[in-house]
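Student:
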Amino acid sequence: MKRVLGIFLASVLILTGCQPPLEITEEPYVPVEVTDVQTMNLEQRAALSGVLMANREAMIMVPIAAAVERVDVRLGQWVEEDDPLFRLDAEAIEDQVEQAAAAFDQARAGYESNLEQLRLAQTTAERLKRLYEAGAVSKSEWEQAKLAASPEMIDALLAGFQQAKTMYDQTNSLLNDLEVKAPISGKVSYLGVTEQGYAAPGQPAAIISDASTMKVAVNLPSKLISLISVGDSVSLEIPAIQTQTIGEILAIGSAVDQQTFLYPVEVRLENQAGKLLPGMFAKVYLVTERRDGVVAIPIEAVIEKLGLKKVFVQEEDRAVERLVETGLDDGSFVEIVSGLSVGEKLIVKGQSFLEDQARILVVEE
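At the far end of the sequence shown sits residue 373, using my numbering, and the numbering has no gaps.
1) Should L294 and L336 be called a contact, given that it needs their Cβ atoms to be closer than 9 Å?
2) Counting only runs that start and end within the region 39-95, where is the beta strand (DSSP E) found for 3 or more residues in a row?
3) Check the Cβ-Cβ distances between F341 and every residue of chain D, and say whether any is below 9 Å.
4) Can you look up T251 in the DSSP assignment and give me helix, strand or coil?
5) By Cβ distance below 6 Å, which residues in the same chain neighbour A207 in space, the five residues on each side in sequence not counted?
6) Give every residue of the same chain whose Cβ lies closer than 7 Å to the Cβ of S349, excluding the five residues on either side of it in the sequence, and list them in chain order.
7) For the alpha helix (DSSP H) that contains K231, what are its first and last residues?
8) With a threshold of 16 other CB atoms inside 10 Å of the CB of F341, please say whether the residue is buried or exposed.
9) As a quick exercise: from Q250, A225 and L316, pick the residue whose alpha carbon is nearest that of V275.
10) In the DSSP assignment, find the unbroken beta strand (DSSP E) run with T33 in it and report its ends.
11) Considering only residues of the region 154-228, which uninterrupted alpha helix (DSSP H) runs meet the minimum length of 4 residues and lie entirely inside it, listed in chain order?
12) Report yes or no: do three or more beta-carbon pairs, one from the region 215-223 and one from the region 61-68, lie closer than 8 Å?
13) First and last residue of the beta strand (DSSP E) that includes E324?
14) Pull up the CB-CB distance for V242 and G255, whole angstroms please, since I reckon it's below 8 Å.
15) With distances taken from CA atoms, which of D364, S197, G205 and L232 is nearest I215?
16) If we count the other Cβ atoms within 10 Å of its Cβ and call it buried at 16 or more, is V345 buried or exposed?
17) Which value, in whole angstroms, describes the spacing of the CA atoms of Q170 and A153?
18) What residue does the beta strand (DSSP E) around S241 start on, and which one ends it?
19) Check the DSSP bridge columns for Y271 and list the partner residues they point to.
20) Is the region 320-337 close to the region 290-309, with three or more CB pairs under 8 Å?
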């Protein structure tokens, strides 16, 4: 019996010695980055687009086509108020004055002659009216006479006479203003005349722009117009020169545009460095809502699923899931109304790979 038990125990020992040792599996971890939950000031902003313009600009026009004798400036040149820009040809202007004077005299003579004829027609119309009422002439004869004496005829004659007089006055005044001067100080931003060339009416001969101060026009919906006032500061971004600056609301339109249903707003900004140029694209940011001293976290730390919003916080070597309620966000940070407290360790990277109570390893950024 003892011999059999010994054989059995020996067999058990042999079989046991053939089994591999049991391995203890270590729980895997997820590397994460954390930050302390803090309070901060948040602003929600509306972005509006516009184009930079010189705050002051003067367009120089001539009333008639006029020959240019001399040009005193070049494009881009800075001029002071009353500096000469160009000079018109006196001889050519004198010829045009003579022509305008002749046209004016002809128009005046025609007006006076036709006015006398009109008075006679009115007298005739009154006489024919009495004859018509007495049955001595037909209705068509009276109506024809009445039409010839119509007051509209006077208006048409007077308009032609006044047009000729205006042309004569404008042309004659050029003889006293052959030297065209800058009405304001600024840069010559457009020059449309050349020596021995012509300045054409209806087109600017030159444009003077004072760009030391710029402005940008934007349009606001009615829900935003009540949030701003003249003098408010606004942020601006000029992408062309990668510049951010501060401007001031210069004017707010009181009437809505009937096509866009938006209100026009002008923003003024300084151009002390001279880098801002008319025509550059600008973004204007208006603060629509502000919260000071609120609990806020990076917006990417929030995970939204099935209508719920959650974050993960560090508790020792574990990630703990928290449901949160969010408020205002500025595009980078979001207000936490409930679910987090100041000072907690918030997981801001690696959170997408976590589940509640997952093991984590905090790594430096």
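Backbone N, C-alpha and C define an ideal beta-carbon position, used for all residues, glycine too.
Quantities reported herein were computed from a predicted structural model and do not represent experimental measurements.
Tutor: In short:
1) no
2) 46-68 and 74-79
3) Chain labels in this structure do not include chain D; a single protein chain is all it has.
4) strand
5) V70, A74, V76, V201 and A213
6) V45
7) S230 to I233
8) buried
9) A225
10) Careful: T33 lies outside any beta strand (DSSP E) and carries neither H nor E.
11) 159-182
12) yes
13) First-last for E324: undefined, no H or E at that position.
14) 5 Å
15) S197
16) exposed
17) 27 Å
18) S241 to I246
19) L228
20) yes
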